[in-house]
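The structure appears right after this line, and notes come after that.
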Amino acid sequence: MLFSGIHPNHNGMRFFAGKHRVKHPENHGASVKYFCWLIPFGLWMFFTIHLQAQIQPQERRRWDEPVNITTLNTDRDEFAPAWSPLEKLLYFNSTADGYSKFYTARYEPPRDQKRDAKPVFSNRDLVRTTLNAPRNNQSFVTFAKDGSVYFSTFRLTKTRPLLNIYQAARRNGSLWEQPEAVAALNTDDFNAHPTLSPSGKTIVFASNRAGGRGGTDLWIASKDASGEWQTPVNMGEILNSPEDEISPFFASEDSLYFASDGFGGKGGFEIFLSLRTASKWQSPVPVVELNSEYDDFDLTLLPDKLCVFSSNRPGGRGGLDLYSSRLINLSLASSALEYKIAPQTTFLTVEEFSTTEFLPVLPCIFFGENVSTLSPESHQLSRDEMMNYSTAAARPDPLGIYAELLNVIGKRLRDYEDAALIITPYIPESPNPKQLEVAKARAEAVRKYLTTAWGIDRSRLISGTPKNIAEMLPVSVVTGSTSQHSPLRTTILGTNERSRCVEFTCNDPRILAPVQIGGVNPQTKQQKLEVYLDVRPRGFLRSWRFAALAGVSDTVLTTEGITLPYTVTMQLQSEILGRLSNELRLQLSGVDSLNRAGKEEVMVNVYKISLDEKRRQKEPTHVIERHRLLLLDESQAELLPEQQEYLKSIATSLTPQSVITVSGYGTVEVRKGKNNIESQMSQIERFMGFVAETFKRATQGITVKTELLGDNDALAAATPQERLYARSVFITIERTLPPQEKR
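Structural data, given as structure tokens:
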């Protein structure tokens, strides 16, 4: 029976979870976990109130800021809203009890017709009719004038169950007949997301049947004089892209909303509107006020100029959530918007300190994809340049040291003649001849540079993957400090990035030790500056941009496009503080719905105290050391032996006046159980704990603090070396020297 039992897979077409597309599992069974991804989102409803006036382009209207409907959402998936005009109920789907089921909620029109009046929905009720079959998934309902419905569920074909379109006629006022497949609309393909036009004579749905442009397309069918559905027709390249079009909704006979990930935009699936003029559907226009950088779809219209749609944007209760938005009249925007910038402080004191940076040397280098020559970002020297080489000229940042990686290794191999380097190119488990050839050529490129530019004997440069370095080292270069460890595994990188990697291991820890760069660096007592941004009224804002400038045109930070209100967090690192003069300019600019530009600017005064000035005033001198440890293996459960030795060497130079701060980028992971919500430490936070405990055991009476810095944009950076450096734990050691003591 169709409405009982456990259904196997659907047709395996592409869909997504969050921003990442995935294939449907070959066997989803009764799993709730996958259902909302198994069904391309959006079978929509019919709505008979006068909507034509709402979408006329000449009327200056727009959608207000979307609001999460918290009374209907759970930590599972809520999607596919549909309005039943006969019952005056909002239908929607939820996977809260394991299967996707239909629920209803009553919409309460606001008594107060003010623009910012929020919609009110009653508590959700499970639909207890034949629409919800036990142990089955169904979704995306659309209503006809007589109360009958079309919706999506699985139909057993000759090969396997596939989502198809079903119809159920209404009987006895509140019940439906047993649903039946609509043969004229279905094929042995994916067919779902039906939406009826207000007249009930036209239906649009999503399908991946033959004859489309790729992915899922929108198809349209009409009823003939006898009331039978004619053969569906593809809606053509105006509305269909080579990607996926889903969840159509008829707002009127000549206006169609739908979602697509093939027409560009902010990211993910976006909501579009197309109007039909002179019997032709026009190019779709994105509904920019509702779209986000995530997936937005399933739009439906309710009375009182209200819409409800589904989204997995941040800030919801979990999974897919339902959001509402109201159509507002832009003639209300008679005055300019009010822009607000509220920094945490309007005064910064920046002091110069004697600072020593210990910048880590990555134990690996990256090549271009299928390329065996050294990357242009590697600073390659001639033999003459090598003679006077010093890391003092390197950029004092991790990426600057990465550019000098082979030169740092070459100089140290030249200085420490007993050291030998193992060069390990990435080789997959079952390599083909081409992969072996590229891996061998990459290792040879590294050896050739170190021998040509630095004069290192080739016998000290060994290609291989030994468990024990001593097994492959000539007797003349084996020392008592030979490492017993395999090459480091950069498991936080994807397979494609690891495949471009050549790793290094050495019998002498000095070869891959951090690079020490001394200097004078500015610092503030605050490590970050938080800036609160907002605009009133928010509903009339089209776009905005925030910028922090050191001086007139030196931009140190920008961000834009995130829903307001928003708090920008500026990390006050030395490279930013060094660019400041006597002020930091904070600017919030935007454009409203009438294309009027606005801007607000706030100054943060900067008072700088130089190191020379502090010495003249005979003040105590603060000495700062900054170290980094890299977390290269995401499964690492403790500090590596070489990391423990490094921390112990740091601890021997500490004094009782030293203050140690261990920090790192990351957020606390939240695990939601059935009856509780508890916090769980991230891997970075656990790594910080290992470092702090090592210091506490190695020292007595010295203060050790830990600080989680929050998210780091570098984790999503473009290059693998940036992502590796982003997985750093920072160790800041500060101590005060009396005025007479010399460093």
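In short: position in the sequence shown from 1, add 75, done, that's the working numbering.
Ideal Cβ placement from N, Cα and C applies to all residues, glycine included.
Measure the C-alpha to C-alpha separation of residue i and residue j and round it to an integer number of angstroms.
i	j	result
Gln796	Thr630	24 Å
Lys94	Gly343	At Lys94, the pLDDT of 32 sits below 50, so the modelled position is not reliable and the matter cannot be decided from this model.
Thr727	Leu434	19 Å
Pro438	Asp493	19 Å
Thr807	Ile484	26 Å
Asn596	Tyr414	35 Å
Asp459	Lys515	28 Å
Phe805	Gln648	12 Å
Asp18	Arg522	The question about residue 18 has no answer here: the residues shown for the chain are numbered 76 through 818.
Ser386	Tyr800	33 Å
Thr145	Ser399	10 Å
Val23	Arg772	Outside the displayed range of the chain (76 to 818) lies residue 23, so it cannot be described from this structure.
Phe428	Arg690	11 Å
Asn571	Gly764	31 Å
Ile313	Pro359	8 Å
Gly397	Ser197	Per the sequence shown, the amino acid found at residue 397 is Leu instead of Gly. One C-alpha to the other measures close to 14 Å.
Ala208	Tyr241	13 Å
Suppose the cutoff is 7 Å on Cβ atoms and the five residues either side in sequence are ignored; what does the same chain contact list for residue i look like?
i	result
Ser272	Phe325, Glu328
Leu402	Gln129, Arg136, Trp138, Lys380
Ser316	Arg288, Ser335, Gly337, Phe338
Cβ of residue i within 9 Å of Cβ of residue j?
i	j	result
Phe615	Arg136	no
Ala518	Ser534	no
Ala219	Asn239	no
Leu706	Ile637	no
Arg203	Val224	no
Arg611	Ser664	no
Gln601	Gln357	no
Glu162	Thr179	yes
Tell me which residues share the same chain as residue i and place their Cβ nearer than 8 Å to its Cβ, disregarding the 5 neighbours each side in the sequence.
i	result
Arg489	Trp529, Gly530, Ile531
Gly286	Asn309
Leu729	Ile735, Thr774, Ile777, Ile808, Arg810
Leu511	Ile502
Thr633	Arg620, Phe621, Ala622, Ala623
Val436	Ile476, Leu480, Val483, Ile484, Leu587, Ala588, Pro589, Val590
Ala469	Gly475, Ile476, Ala478, Glu479, Val590, Ile592
Assuming residue i is part of the beta strand (DSSP E), what are its boundary residues?
i	result
Ser649	Where Ser649 is concerned, there is no enclosing beta strand (DSSP E), although the alpha helix (DSSP H) it sits in stretches over 649-652.
Asp609	603-611
Tyr369	Premise fails: Tyr369 is in no beta strand (DSSP E) and is neither H nor E.
Lys176	176-180
Glu578	576-581
Asp292	292-297
Asn247	Looking at the DSSP string, Asn247 is not in any beta strand (DSSP E), and its letter there is neither H nor E.
Thr430	422-434
Ser505	Per DSSP, Ser505 belongs to no beta strand (DSSP E) and is neither H nor E.
Glu782	778-783
So what's residue i in DSSP terms, helix, strand or just coil?
i	result
Gln719	helix
Thr205	coil
Leu799	helix
Gly485	helix
Ile637	coil
Met310	coil
Gly342	coil
Ala171	coil
Leu238	strand
Ile416	strand
Gln510	helix
Asp139	coil
Thr466	helix
Ala528	helix
Glu809	strand
Val446	coil
Gly614	helix
Along the chain, where does the alpha helix (DSSP H) that runs through residue i open and close?
i	result
Lys771	758-773
Ile476	473-478
Asp687	686-691
Gln662	That residue, Gln662, is in no alpha helix (DSSP H); its beta strand (DSSP E) goes 658-667.
Thr277	First-last for Thr277: 277-282, but that is the beta strand (DSSP E), not the alpha helix (DSSP H).
Asn404	Looking at the DSSP string, Asn404 is not in any alpha helix (DSSP H); the run it does join, the beta strand (DSSP E), is 396-404.
Arg573	570-573
Please work out which residues of its chain come closer than 6 Å, Cβ to Cβ, to residue i, disregarding the five sequence neighbours upstream and downstream, and give them in chain order.
i	result
Tyr607	Ala417, Thr642
Asp172	none
Gln127	Note that Gln127 has pLDDT 35, beneath the 50 cutoff, so the model's placement of it is unreliable and no number is given.
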